Each structure stands twice: as C-alpha cells, then as structure tokens.
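Protein chains in written order, with the working numbering: chain A, 1 to 218; chain B, 1 to 218. Where is the CB? At the ideal position from N, CA and C, for every residue including glycine. All of these numbers come straight from a predicted model, not from anything done at the bench.
Number of protein chains: 2
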Amino acid sequence: MSADPSQMPPAAKLRADARHNRTRILAAAREVFAARGLDVPMAAIARRAGVGVATLYRRFPTRTVLITEVFTDQLTGCVSVVDTALGEPDPWRGFCVAVETVCRMQMADRGFTGAFLTAFPEAVDFERARGNAERGLRELIRRAQAAGRLRADFTMADLMLLFMANGGVAAELADQPATAATAASRRLVAAMLTAWRTERAASADPLPPAPPLTLHHI
Amino acid sequence: MSADPSQMPPAAKLRADARHNRTRILAAAREVFAARGLDVPMAAIARRAGVGVATLYRRFPTRTVLITEVFTDQLTGCVSVVDTALGEPDPWRGFCVAVETVCRMQMADRGFTGAFLTAFPEAVDFERARGNAERGLRELIRRAQAAGRLRADFTMADLMLLFMANGGVAAELADQPATAATAASRRLVAAMLTAWRTERAASADPLPPAPPLTLHHI
DNA sequence: CGATAACCGGATGGCATCGTCCACTTGACG
DNA sequence: CGTCAAGTGGACGATGCCATCCGGTTATCG
Numbered sequence: 001m002s003a004d005p006s007q008m009p010p011a012a013k014l015r016a017d018a019r020h021n022r023t024r025i026l027a028a029a030r031e032v033f034a035a036r037g038l039d040v041p042m043a044a045i046a047r048r049a050g051v052g053v054a055t056l057y058r059r060f061p062t063r064t065v066l067i068t069e070v071f072t073d074q075l076t077g078c079v080s081v082v083d084t085a086l087g088e089p090d091p092w093r094g095f096c097v098a099v100e101t102v103c104r105m106q107m108a109d110r111g112f113t114g115a116f117l118t119a120f121p122e123a124v125d126f127e128r129a130r131g132n133a134e135r136g137l138r139e140l141i142r143r144a145q146a147a148g149r150l151r152a153d154f155t156m157a158d159l160m161l162l163f164m165a166n167g168g169v170a171a172e173l174a175d176q177p178a179t180a181a182t183a184a185s186r187r188l189v190a191a192m193l194t195a196w197r198t199e200r201a202a203s204a205d206p207l208p209p210a211p212p213l214t215l216h217h218i
Numbered sequence: 001m002s003a004d005p006s007q008m009p010p011a012a013k014l015r016a017d018a019r020h021n022r023t024r025i026l027a028a029a030r031e032v033f034a035a036r037g038l039d040v041p042m043a044a045i046a047r048r049a050g051v052g053v054a055t056l057y058r059r060f061p062t063r064t065v066l067i068t069e070v071f072t073d074q075l076t077g078c079v080s081v082v083d084t085a086l087g088e089p090d091p092w093r094g095f096c097v098a099v100e101t102v103c104r105m106q107m108a109d110r111g112f113t114g115a116f117l118t119a120f121p122e123a124v125d126f127e128r129a130r131g132n133a134e135r136g137l138r139e140l141i142r143r144a145q146a147a148g149r150l151r152a153d154f155t156m157a158d159l160m161l162l163f164m165a166n167g168g169v170a171a172e173l174a175d176q177p178a179t180a181a182t183a184a185s186r187r188l189v190a191a192m193l194t195a196w197r198t199e200r201a202a203s204a205d206p207l208p209p210a211p212p213l214t215l216h217h218i
C-alpha cells in the first residue's frame, strides 16, 4: 500500500508533463484493455504509453483504480445510449436498441464485460455512472412492460444474464475474426429479445423465476 | 518435450503402484478442474492426489493430455445424455432435455465449458467422443425441426452459442452460491428454448443469420 | 530372497509478473 | 536564470508457476 488515493494530487493540478503522461496512460490502457482484456500485465500498458512502470504505478496505485478510471468513460457512454433509447417514442424499440447497443459495446471491448459486471465499491464515480445506467435500464424495462411489449416477468436480472451470456460469447470468440464474433452476438441478442417479447399469452409457458442478481452481484 | 505419448506404456500395463497413482491423479484432476477451472496449477492437482509433481508430469506430460483424459469421460456421459434424449418419443421434449442437461453439466463443472469448446486435434479419443456428441445433437435438431417444433433456421451453431453463453454465466457467477448460479442458468436456457420454439409464424421476425460456428471453432 | 528396472517425490532452475526503490531529469516559479 | 520539489524510468527483490533432474524406494520376477 503506497499513498492514500484521497491525498493524491487532483489530476488537474499535476505538473504539465505528468498530466500529459497521465493522459497517455489512460489512452494506452483503454486500447490494451479493449484488445486483450483486464488481466493484461501492467508493464504492457506502460510500454504502450511510452512511460516506465513506476510512472504508471505512481498515478494509478492499483489495477482497480486504473480500470475504473478507464471504464467510467465507457460507462457514461453507456448511460447516454440508454438516455437516447429513452427518447425513442416506441418503448419496445427503445428497449431493443439499448440492449443491442450495449451488447455491441461488449463485443468491441474485451474488458467491458468484466468492468461492467464487477463491483468496485471504493470507486465512487464509477459506481455512480453504473447506478445511472441501471436506473435508465430499469426505466426502459418499465416502459416496455407498460406498453405490453415486454413480458411482465422480465426483470433487471434478466438483463444481467444477457450481459454475462454475451460476455461468454465474447470471451470464447476472442481470437476469432471480429465479424464472426459480432454475428454470433447479434444472433444471441436477437434470440433473447424474441424470448422476452410478449404478443401472445405470456403465461402459457412461464419462465423459471428470475435469479436474484443485481448490477452489483459480485 | 519428454516422451512421445505413443511410446508411453499403455495405462493397463503399468506397475501396480503406478496404475494406482494414475487413478488418484485423474480423480483429483476431475475434482480440481470442476471446482477451480482448467487453469489451476499442476501442483495443486498433485497435492490433492497425494503424489509429487514429477509423477503427475510423468503420467501426463502436458496439461492438455490431462484435460482431455479427464473430460473424455464427461464427454461420453454427455453422449449418453444425448442418446437418452434421442430415445424420447417427443422430439421437442428430447431436444429440451438434452440442452437442459448439458447446460446443467456446464454449471456443475467449472472446467467443462472450456474443455467442451476447445479443440484438441491430437486427442483422438476426446475428439471422437465430441464427434459423437455433435452427431447426436444434430440428429436431435433435425427431428425437432421435422416435427415442426424447432425453428427451421436453427443450426448447430446456435447450440454452440448457448453453450458459450451459459459458460459466460457460469464464469461470472463462479464465486456465487451454486443455487443462484443454477437458477440463472436455468432461466437463460428457458429463454433460449422459448426463442427457438416455433408455434407461430416463424418467418414473421427472422433471426439474423446463424454464425459460422462448429464444435471445433477454435 | 536378491537383482533390477520401473517408479517415486522433493529440489531445482527458468520464466513472467508484481510492486517498490533510488539516482537522475525537468517543469514551475521567484 | 537558478533552485528545488515534482516527476521519471529502469533496476531490483519477491512471488508463483512450469517442467526437469536426481538420489532414494519398491514392485516384480527369477
């Protein structure tokens, strides 16, 4: 344990070169996490950023700190996707678009799933962004159900389930051409949306009860 | 590289103590793979089996050899599940039972998904068992489609997709109570079966084309 | 029972990653 | 322009895993 993060200089007040390096590190981490997942060695990130490991560790004492910093952006991007979907006049289309887009983000960024599904209790900004995303998704669910287009027994946990499932596809097809992976994901998502849609007696064949998962399941 | 496996003594002709240890190692590996996945250190398996690492390496020169040896059993178990399902008079029920059972096996054994979805070209027995499983599953698909219960555009690749997806759920919920994980898996499987079932104009909303996956996709 | 080849397990060297330390460099400010 | 605190990078020890080697042990057979 090195420095208490709360007494680390606020990113804006760093010396010019330090701020510059910080930016380079974040960019490098974003690329490397996307390409190779969250378990990539720290040295690889440092090398890609063109700095020494010490600089990386000084600015981000923990892998977790770096991960949350990187993915808070992606997560707010995710929130804006959800907000756009909430603007969609047709609630069902809004729901579908949001789900499809988030799953596409999952496939494009190999670290996204892990970051999204893991809880980082000490990362305030990150958790706030995720809270926003979750709130928006819940609202999308509510509206789609109110419009009678989404099964009444659908819950947030089912969305988590899809994200985990899609993450599994992403992981398993990681070293496959990207087109194959996205095609696979698209088909999975389409199937799930088909399953969750109403349009006939939804009670004719009830699904098993929703598992007790929240976004903070870990 | 130590000994050519083809000139290793056939398991049956080992000295009594060696054969005994071999059995213990396989049992230990089965347990450890199930509990902690395929990436577990070799030393952990040796310790659990009550032998030294050298013994482990002598009998199974490569992790791959050990994995395939262990999971060939599971795979033939899988084949027998499929065969039972083929005996089921209702083709749709047979299909569902097979899918549900295999997915349950995936959840019960943390290494199963990885072993099942990875190709081991040099492991003849393993690949043969997998070929049998695949053949049976194809037949189940064919029959369910012939009975008009399974969408005509369903393919083997969709089954692979489900196995990957289910593996993702298993991985993400690995350190969760087993009941939660199985509940989640059950719900995922039920949703997928709902999506693939026919019973109304299947062509009304075509799924995206099946991704080009086979069992040997890696 | 004795010889011997098969077998055993711990010790060992090699490799990758982690996270820290320290001698040197450089931006900011008077 | 000179000072110095902030910043830098590479070297380093620690750790964990892999895979092999070797001195001692034991099952098997005559």
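query: How many angstroms separate the CA atom of B:R24 from the CA atom of B:D83?; result: 30 Å
query: Answer yes or no: does any C-beta atom of chain A fall closer than 8 Å to that of B:R187?; result: yes
query: Go ahead and label A:E172 buried or exposed: buried means 16 or more other beta carbons lie within 10 angstroms of its beta carbon, across all protein chains shown.; result: buried
query: Along the region 157–173 of chain B, where does the CB come closer than 9 Å to a CB of chain A? Name the residues.; result: A157, D158, M160, L161, L162, F163, M164, A165, N166, G167, G168, V169, A170, A171, E172, L173
query: Going along the chain, which residues of its own chain have a beta-carbon closer than 7 Å to the beta-carbon of A:A44, five neighbours each way excluded?; result: V32
query: Within 10 Å of its beta-carbon, does B:R143 have 16 or more other beta-carbons around it, so buried, or fewer, so exposed?; result: buried
query: If you drop the 5 nearest sequence neighbours on each side, which residues of the same chain put their C-beta closer than 7 Å to that of A:R149?; result: P91, W92, R197, T198
query: Checking the sheet assignment: what are the DSSP bridge partners for A:L150?; result: A:R197
query: Along chain A, in chain order, which residues have C-beta atoms closer than 9 Å to that of B:A178?; result: Within 9 Å Cβ-Cβ: nothing; B:A178 doesn't reach chain A, min ~12 Å.
query: Is B:A49 helix, strand or coil when you go by DSSP?; result: helix
query: If we count the other Cβ atoms within 10 Å of its Cβ and call it buried at 16 or more, is A:R135 buried or exposed?; result: exposed
query: Helix, strand or coil for B:M192, going by three-state DSSP, please let me know.; result: helix
query: In angstroms with no decimal places, state the Cα-to-Cα distance between B:H20 and B:D125.; result: 22 Å
query: Anything in chain B within Cβ reach of A:W196, meaning under 9 Å, just list it in chain order.; result: A191, T194, A195
query: Taking buried to mean at least 16 other C-beta atoms within 10 Å of its own C-beta, is A:S80 buried or exposed?; result: exposed
query: With DSSP run on the structure shown, which of helix, strand or coil describes A:R110?; result: coil
query: Tell me the rounded alpha-carbon separation between B:A115 and B:A54.; result: 24 Å
query: Between the C-alpha atoms of B:A11 and B:C78, what's the straight-line distance to the nearest angstrom?; result: 24 Å
query: For the alpha helix (DSSP H) holding B:D83, just list the boundary residues, first then last.; result: 63–87
query: Under DSSP, the alpha helix (DSSP H) around B:V32 begins and ends at which residues?; result: 16–36
query: Helix, strand or coil: which one does DSSP assign to B:A174?; result: coil
query: If you measure beta-carbon to beta-carbon, which residues of the region 107–140 of chain A are closer than 7 Å to chain B?; result: L117
query: Which bits of chain A does B:A11 rub up against, with CB to CB less than 9 Å?; result: The contacting residues do not exist; B:A11 stays about 32 Å from chain A at best.
query: Check whether the Cβ atoms of B:Q145 and B:D109 lie closer than 8 Å to each other.; result: no
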